[in-house]
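Okay, structure first, notes after.
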Amino acid sequence: MSEQASGHVAMGALKQAGVEHLFTLSGGHIFPLYEGCRDHDVRIVDTRHEQAAAFAAEGLGKLTRRPGVAALTAGPGVTNGVSAVASARFGGSPMLVLGGRAPHGTWGRGGLQEIDHVAFMAPLTKQASTAAEPAEVPGTVLDALHTAATPGRGPTFVDIPMDTIFTPTADDALPTWTEPDAPPVDTDAVRRAAGHLATARHPVIVAGTDVWLSDAVDALRDLVETVHVPTITNGMGRGTLPADHELSFSWARKAAFTDADLVLVVGTPLDFRLGFGAFPGGAPVIHVVDTPDQVAEHARPLEGVAGHLPEVLRGLAEGAGGPTGELAEARSAWSARLREVETAARSGQEELLGSASAPIHPARVYGELRKVLDRDAVVIGDGGDFVSYAGKYIDAYTPGCWLDPGPYGCLGTGMGYSMAARLAHPDRQVVTLLGDGAAGFGLMDVETLVRQELPVVMVMGNNGIWALEKYPMQQVYDGWDVAADLQPGLAYDQVVSALGGAGETVTDPEQLGAAFARAFDAGVPYLVNVLTDPAVAYPRSTALA
Ligand SMILES: Cc1ncc(C[n+]2csc(CCOP(=O)(O)OP(=O)(O)O)c2C)c(N)n1
Ligand SMILES: [Mg+2]
387 MSEQASGHVA MGALKQAGVE HLFTLSGGHI FPLYEGCRDH DVRIVDTRHE QAAAFAAEGL
447 GKLTRRPGVA ALTAGPGVTN GVSAVASARF GGSPMLVLGG RAPHGTWGRG GLQEIDHVAF
507 MAPLTKQAST AAEPAEVPGT VLDALHTAAT PGRGPTFVDI PMDTIFTPTA DDALPTWTEP
567 DAPPVDTDAV RRAAGHLATA RHPVIVAGTD VWLSDAVDAL RDLVETVHVP TITNGMGRGT
627 LPADHELSFS WARKAAFTDA DLVLVVGTPL DFRLGFGAFP GGAPVIHVVD TPDQVAEHAR
687 PLEGVAGHLP EVLRGLAEGA GGPTGELAEA RSAWSARLRE VETAARSGQE ELLGSASAPI
747 HPARVYGELR KVLDRDAVVI GDGGDFVSYA GKYIDAYTPG CWLDPGPYGC LGTGMGYSMA
807 ARLAHPDRQV VTLLGDGAAG FGLMDVETLV RQELPVVMVM GNNGIWALEK YPMQQVYDGW
867 DVAADLQPGL AYDQVVSALG GAGETVTDPE QLGAAFARAF DAGVPYLVNV LTDPAVAYPR
927 STALA
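Taking my numbering, the leading residue of the sequence shown gets 387, the next gets one more, and so forth.
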């Protein structure tokens, strides 16, 4: 029997479960994990802030649909990663955090960084525990990976005391990895829901993140085409039905939700992004989710349907079938009407997308970017108004390509998500959209992107303000605002250059296209620092989300 440090063996177990990357920032409490990475050929991506490491793990989970893994050193390493864990919890992203932990042997005597992480990680995760015995470390870590990947996905946490992680344990009988089971399907609920869908005249489908994470993309498309129902996407649901599909809508959202007689929401919570499930015209809701505990009882759905999403969607298509006769005409008229709304709304934006005004209008940035993005470009949004504009103007054509801050809405995701996107898709365009405020949370991690040879294109909407707070504050306080200004016109591109990347500042809208071309050709992290008009506020219906 051969032995290695328990942390080393745990990495071997993760590798055989398919883990290829470990995001981390160094600390003595977790050295044996690195030794395990060396011997099991797991790539270490070491960052400048645990925030970046943890968001990279979350981002990789979202992009690859397998848990991303971060290793954070005891105490401050773990606490610096907490926002990403909360983000994964809100977004249902599969992710495992391994924590260092002060030694068991001296616990309670005031050891360095001695804090009980499990106490504050438990409410943020699906599962949080301490692996106290060396022999149980590999099994506990693998079990946490499994829980993270199991539908109803989310973050899990294991910390390992320093005296445990360095203690040898057998390395020749690794626990074996099995893929999580697909969740059982409530077939009665599917049948009832299909019955409602079969008779609705103006139904709408909403497809969210779990359509992507549960690999239900083909089943969604089959359902949409079979029942001929207009479809709206959100979160990572974007791209599950390509934006140019005849039943895909984004600008006719309001009309669709107002006049729908049934809304079938798939793979996303009925949270603030969907008006908590109360649609303006009072349409009844069918909520389709992976697991029963995700059904939004607060929205009093007509039907909650839980189960493996591909199977549920296939069941709905079979059960509801294609509309015939008068119903088919009603559905066609419904989608034709929404298409008119969509087309009119889109053509109403053309002028703004081509705006020649200087300072540059944020819409113009996207008017130019749209022209050069590939259909499978990965687009990451980290910012306020600048990212809201992206949500409006950048269409998604390929599933798994759109990373926005998600329902937790945490600024500072950009650098971690950029690392994840480049690692997941070495050959695609990766474009990270940054507010100037958002960039301040993590721009130092450009150094990581450079050192790890992970080139991405960053496009900054630099308005010198926290626009998404400044304008709402003025609305609340009758024109007054505070804590909403940054220095105007800063050369953030020079920061990126100083860290080993490159970039340029753009003030003339006619120069945007050429700047983007240089950025995609650069081969290093490149920041296009666009000075945008601070007088432009994103049109919002409410001041506070
Ligand atoms: C970690 C975190 N802190 C604060 C906020 C509140 N917040 C939301 S949007 C925003 C402004 C973002 O400014 P910027 O990135 O410059 O984008 P802009 O709105 O100016 O386009 C702030 C401060 C948040 N969402 N997350
Ligand atoms: Mg700003």
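Where is the CB? At the ideal position from N, CA and C, for every residue including glycine. On a predicted model such as this, the values are computed, not experimentally measured, just so you know.
Please determine, among the options, the residue with the shortest C-alpha to C-alpha distance to residue i.
| i | options | result |
| --- | --- | --- |
| P566 | P895, P453 and L458 | P453 |
| V922 | A806, Y775 and G798 | Y775 |
| F643 | F665, T654 and T626 | F665 |
| A488 | T612, G463, G850 and P480 | G463 |
| P616 | G711, A568 and S721 | S721 |
| R761 | L627, F772, A692 and V468 | L627 |
| P678 | P569, M830 and L917 | P569 |
| G478 | C787, E896, G889 and V597 | V597 |
| P418 | L739, A391 and E406 | A391 |
| F772 | P791, A782, T612 and G581 | P791 |
| G767 | D831, Q680, G445 and Y878 | G445 |
| K512 | H532, E522 and E689 | H532 |
| F409 | T612, N620, D831 and E712 | D831 |
Would you identify the three-state DSSP class for residue i, choosing helix, strand or coil?
| i | result |
| --- | --- |
| N466 | helix |
| E896 | helix |
| F658 | helix |
| P541 | strand |
| M548 | helix |
| R808 | helix |
| D781 | coil |
| V862 | helix |
| G786 | coil |
| H415 | helix |
| Q838 | coil |
| L917 | strand |
| Y912 | strand |
| T562 | coil |
| D768 | strand |
| D554 | The sequence shown places Pro at residue 554, not Asp. In the structure shown, P554 sits in a strand (DSSP, three-state: E or B). |
| S636 | coil |
| A514 | strand |
| M387 | coil |
| T891 | strand |
| H582 | helix |
| E689 | strand |
| P589 | strand |
| G821 | strand |
| A533 | A small fix is needed here, since residue 533 is Thr in this sequence, not Ala. In this structure, T533 counts as helix in the three-state DSSP scheme. |
| G707 | coil |
| G847 | strand |
Quick test of your reading: residue i and residue j, contact by CB under 8 Å. State the CB separation rounded to the nearest angstrom.
| i | j | result |
| --- | --- | --- |
| L498 | P589 | About 59 Å separates the two Cβ atoms, so there is no contact after all. |
| T433 | L411 | 5 Å |
| P520 | A602 | With 8 Å as the limit, P520 and A602 do not qualify as a contact, their Cβ atoms being about 41 Å apart. |
| P524 | V395 | 5 Å |
| G802 | A470 | 7 Å |
| S804 | V842 | 5 Å |
| V914 | V845 | 5 Å |
| D558 | A692 | No, D558 and A692 are not in contact; Cβ-Cβ is about 41 Å, not under 8 Å. |
With 16 as the cutoff for other CB atoms within 10 Å, does residue i come out buried or exposed?
| i | result |
| --- | --- |
| P874 | exposed |
| S636 | buried |
| Q815 | buried |
| V483 | buried |
| R424 | exposed |
| G491 | exposed |
| R429 | exposed |
| E839 | exposed |
| E737 | exposed |
| S388 | exposed |
| Q680 | buried |
| H694 | buried |
| S927 | exposed |
| K640 | exposed |
| E689 | buried |
For ligand 3, I want to know if residue i counts as a neighbour, meaning its beta carbon is within less than 7 Å of at least one of the ligand's heavy atoms.
| i | result |
| --- | --- |
| G786 | Among the ligands modelled here, namely ligand 1 and ligand 2, ligand 3 does not occur. |
Segment contact, 8 Å Cβ cut-off, at least three pairs: the region 413-421 with the region 556-565: no
Validate contact between the region 597-614 and the region 456-469 using beta carbons, cut 8 Å, 3 pairs: no
Validate contact between the region 539-551 and the region 470-483 using beta carbons, cut 8 Å, 3 pairs: yes
Cβ contact check for the region 790-801 and the region 432-446: 3 or more pairs under 8 Å: yes
At least three beta-carbon pairs within less than 8 Å, the region 661-681 to the region 738-749: no
At least 3 beta-carbon pairs within less than 8 Å: the region 894-914 vs the region 834-851: yes
Cβ contact check for the region 869-888 and the region 845-857: 3 or more pairs under 8 Å: yes
At least 3 beta-carbon pairs within less than 8 Å: the region 807-822 vs the region 885-900: no
Inter-stretch contact (C-beta, 8 Å, three-pair minimum) for the region 684-691 and the region 707-718: no
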